[in-house]
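Undergrad: Numbering (the working numbering), first residue to last: 36 to 344.
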Ligand code: CP
């Protein structure tokens with residue numbers, strides 16, 4: 036292991052230092068350059084096996100981890116949970132122990148239960164990478180978001196970053212809050228009071244419930260989808276009302292700073308939290324975020340496997 040990074044796992048952003056986060060972003064920058072060469076593959080993880088264990092749906096994260104591992108020359112196994120023995124009642128622990136018995140070196144896990152990756156990390160020798168655990172953390176999403184902001188703005192420190200939408204149920208919001216505040220950004224959380232409770236102020240964020248205040252001074256606006264799959268009750272009267280009150284439409288976009296970045300972790304719900312034209316406009320970096328996710332995940336897999344550049 037190198038002197039800055041001493042972890043075999045990436046479980047969350049909360050437990051990382053600002054130095055460790057910056058180290059991951061710098062390592063990702065080096066891997067982004069590798070991805071721009073004609074031969075994009077490096078032998079760093081040759082002989083290692085990565086298992087993608089996604090027990091919740093994913094398009095971006097699962098594909099990105101698979102491609103990142105292949106670019107590093109690892110062998111990749113994707114577990115299709117609906118076709119796995121989890122549906123026959125096997126526990127997560129037994130599934131993981133069986134993957135270890137097959138000599139998996141890295142397990143990338145997405146699970147609806149907060150803490151599932153931490154649980155596996157307690158007894159497995161393999162590196163455990165959190166690809167999203169319930170409403171708790173999505174560390175690689177926050178890293179790729181920060182990487183994208185840093186590419187465009189040259190820094191994180193001192194920026195005004197607004198995260199707008201369903202904060203309460205969002206692991207993306209929590210990981211972004213930890214990361215951005217550790218690196219010195221001013222974070223504003225905005226949305227309906229039912230989804231953006233004042234308790235988030237204790238994490239060093241400004242909480243506002245009107246969109247005009249939230250977007251007016253923002254250097255970055257990160258929009259979040261409503262997480263219907265995690266909400267156990269109706270948090271606002273209707274989708275139409277949410278869009279009217281908090282959707283980023285053309286009128287509101289016209290009142291943002293002329294260089295404010297528009298971000299979204301995906302999947303986007305066009306016409307709900309963001310107008311379709313704004314999602315596709317030249318200030319939107321939504322697809323760049325996806326591209327940068329590959330370099331970030333290469334960096335995470337590399338350093339958690341003990342790699343040094
Ligand atoms: N942003 C994100 O986690 O997307 P997926 O659910 O498609 O992986």
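Idealized CB from N, CA, C, for every residue including glycine.
1) Pair every Cβ in the segment 174-192 with every Cβ in the segment 329-340, then say whether three or more of these pairs are closer than 8 Å.
2) On the DSSP bridge list, what partners appear for residue 206?
3) Taking 7 Å as the cut-off, does the CB of residue 93 come closer than this to any heavy atom belonging to the ligand CP?
4) For the ligand CP, is there any heavy atom lying closer than 7 Å to the beta carbon of residue 146?
5) Report the rounded CA-to-CA distance for residue 217 versus residue 86, giving the unit in angstroms.
6) Between the alpha carbons of residue 313 and residue 289, how many angstroms are there, rounded?
7) Closer than 7 Å: is that where the CB of residue 72 sits relative to any heavy atom of the ligand CP?
8) Taking only heavy atoms of the ligand CP into account, decide whether any of them is closer than 7 Å to the Cβ of residue 176.
9) Using only CA atoms, which one of 270, 149, 196, 68 lies nearest to residue 91?
10) Between 154, 214, 324, which has its C-alpha nearest residue 298's C-alpha?
11) Between which two residues does the beta strand (DSSP E) holding residue 270 run?
12) Reducing DSSP to helix, strand and coil, say where residue 294 ends up.
13) Distance check for residue 152 and residue 127, CA to CA, integer angstroms please.
14) Would the C-beta of residue 226 count as close to the ligand CP, meaning under 7 Å from any of its heavy atoms?
15) Give me, in chain order, the residues of the same chain whose beta-carbon lies closer than 7 Å to that of residue 219; leave out the 5 immediate sequence neighbours on both sides.
16) Excluding sequence positions up to five away, which residues of its chain have a Cβ less than 8 Å from the Cβ of residue 52?
17) Please find out if some non-hydrogen atom of the ligand CP comes closer than 7 Å to the beta-carbon of residue 301.
18) Taking all protein chains shown into account, do 16 or more other C-beta atoms lie within 10 angstroms of the C-beta of residue 262, making it buried, or fewer, making it exposed?
19) For residue 223, which three-state DSSP category applies?
20) For residue 83, which of 305, 47, 141 has the nearest alpha-carbon?
21) Reducing DSSP to helix, strand and coil, say where residue 184 ends up.
22) Pick helix, strand or coil for residue 115, following the three-state DSSP scheme.
23) Is it buried or exposed for residue 47, if we count other Cβ within 10 angstroms and need 16 for buried?
24) Work out the CA separation of residue 136 and residue 123 for me, nearest whole Å.
25) If distances are taken between C-alpha atoms only, which option among 129, 97, 282 comes closest to residue 247?
26) If you follow the beta strand (DSSP E) that residue 141 is part of, which residue opens it and which one closes it?
27) Taking the alpha-carbon positions, what's the residue 131 to residue 166 distance?
28) Applying the criterion that 16 or more other CB atoms from any shown protein chain within 10 Å of the CB defines a buried residue, is residue 305 buried or exposed?
29) If contacts are defined as beta-carbon pairs under 8 Å, then residue 225 and residue 231 qualify, I think. What distance do you get, rounded to the angstrom?
30) When the Cα atoms are used, what is the spatial distance from residue 70 to residue 319?
31) In terms of DSSP beta bridges, what is residue 243 paired with?
32) Compute the minimum distance between the beta carbon of residue 183 and the heavy atoms of the ligand CP, and state whether it is under 7 Å.
TA: Quick answer:
1) The answer is yes - the segment 329-340 touches the segment 174-192, with three or more Cβ pairs under 8 Å.
2) For the purposes of this step, residue 206 is taken as residue 171 along the chain shown, with counting starting at 1. The partner list for residue 206 (beta bridge, DSSP) is empty, contrary to what the question assumes.
3) Numbered from its first residue, the chain shown carries residue 93 at position 58. At least one heavy atom of the ligand CP is nearer than 7 Å to the Cβ of residue 93, so yes.
4) Reading the chain shown from its first residue, position 111 is the one you call residue 146. Incorrect: residue 146 has no Cβ contact closer than 7 Å to the ligand CP.
5) Working through the chain shown from its first residue, we reach residue 217 at position 182. Working through the chain shown from its first residue, we reach residue 86 at position 51. Whole-angstrom Cα-Cα distance: 31 Å.
6) Position 278 of the chain shown, counted from the start, is the residue given in the question as residue 313. Position 254 of the chain shown, counted from the start, is the residue given in the question as residue 289. Straight-line Cα distance between these residues: approximately 10 Å.
7) As a position in the chain shown, residue 72 is number 37, starting the count at 1. Relative to the ligand CP, residue 72 has its C-beta separated by 7 Å or more from all heavy atoms.
8) Counted from its first residue, the chain shown places residue 176 at position 141. Checking every heavy atom of the ligand CP against the Cβ of residue 176, one is found closer than 7 Å.
9) Taking the chain shown and counting its residues from 1, the one referred to as residue 91 is at position 56. Restricting attention to 270, 149, 196, 68, the CA atom closest to the CA of residue 91 is found in 149.
10) The residue you call residue 298 lines up with position 263 of the chain shown. Restricting attention to 154, 214, 324, the CA atom closest to the CA of residue 298 is found in 324.
11) Sequence index remark: in the chain shown, residue 270 carries index 235 (1-based). Run containing residue 270: none; DSSP gives neither H nor E here.
12) Stepping through the chain shown from its first residue, residue 294 is reached at position 259. Reduced to three states, the DSSP call for residue 294 is coil.
13) Residue mapping note: residue 127 aligns to position 92 of the chain shown, counting from 1. Residue mapping note: residue 152 aligns to position 117 of the chain shown, counting from 1. So the two alpha carbons sit approximately 10 Å from each other.
14) On the chain shown, position 191 is the one that residue 226 refers to. Checking the Cβ of residue 226 against the ligand CP gives no.
15) Position 184 of the chain shown, counted from the first residue, corresponds to residue 219. Beyond the five residues adjoining it in sequence on each side, residue 219 comes within less than 7 Å, by CB distance, of 191, 192, 193 in the same chain, given in chain order.
16) The residue given as residue 52 occupies position 17 in the chain shown. If we look at residue 52 and ignore the five residues flanking it on each side, its Cβ neighbours are 217.
17) As a working note, residue 301 is residue 266 in the chain shown. Checking the Cβ of residue 301 against the ligand CP gives yes.
18) Numbered from its first residue, the chain shown carries residue 262 at position 227. Residue 262 should be labelled buried.
19) Taking the first residue of the chain shown as position 1, residue 223 is located at position 188. Residue 223: strand per DSSP, three-state reduction.
20) Here residue 83 refers to the residue found at position 48 of the chain shown. When only C-alpha atoms are compared, the closest one is 141.
21) Looking up residue 184 in the chain shown gives position 149. If DSSP states are grouped into helix, strand and coil, residue 184 belongs with the helices.
22) As a position in the chain shown, residue 115 is number 80, starting the count at 1. Per DSSP, reduced to three states, the secondary structure at residue 115 is strand.
23) Sequence index remark: in the chain shown, residue 47 carries index 12 (1-based). Classification for residue 47: buried.
24) Start at 1 with the first residue of the chain shown, and residue 123 comes out as number 88. Start at 1 with the first residue of the chain shown, and residue 136 comes out as number 101. Taking the straight line joining both Cα atoms gives about 19 Å.
25) By one-based count along the chain shown, residue 247 stands at place 212. When each option's Cα is compared against that of residue 247, the closest is 282.
26) Counted from its first residue, the chain shown places residue 141 at position 106. Here the beta strand (DSSP E) through residue 141 covers 141-146.
27) Position 96 of the chain shown holds residue 131. Position 131 of the chain shown holds residue 166. Going from the Cα of residue 131 to the Cα of residue 166 covers about 15 Å.
28) In the chain shown, counting from the first residue as 1, residue 305 sits at position 270. Exposed.
29) Indexing the chain shown from 1 puts residue 225 at position 190. Indexing the chain shown from 1 puts residue 231 at position 196. That pair is a contact at about 6 Å.
30) On the chain shown, position 35 is the one that residue 70 refers to. On the chain shown, position 284 is the one that residue 319 refers to. So the two alpha carbons sit approximately 22 Å from each other.
31) Start at 1 with the first residue of the chain shown, and residue 243 comes out as number 208. DSSP lists 225 as the beta-bridge partner residues of residue 243.
32) To locate residue 183, count along the chain shown from 1; it is residue 148. The answer is no for residue 183.
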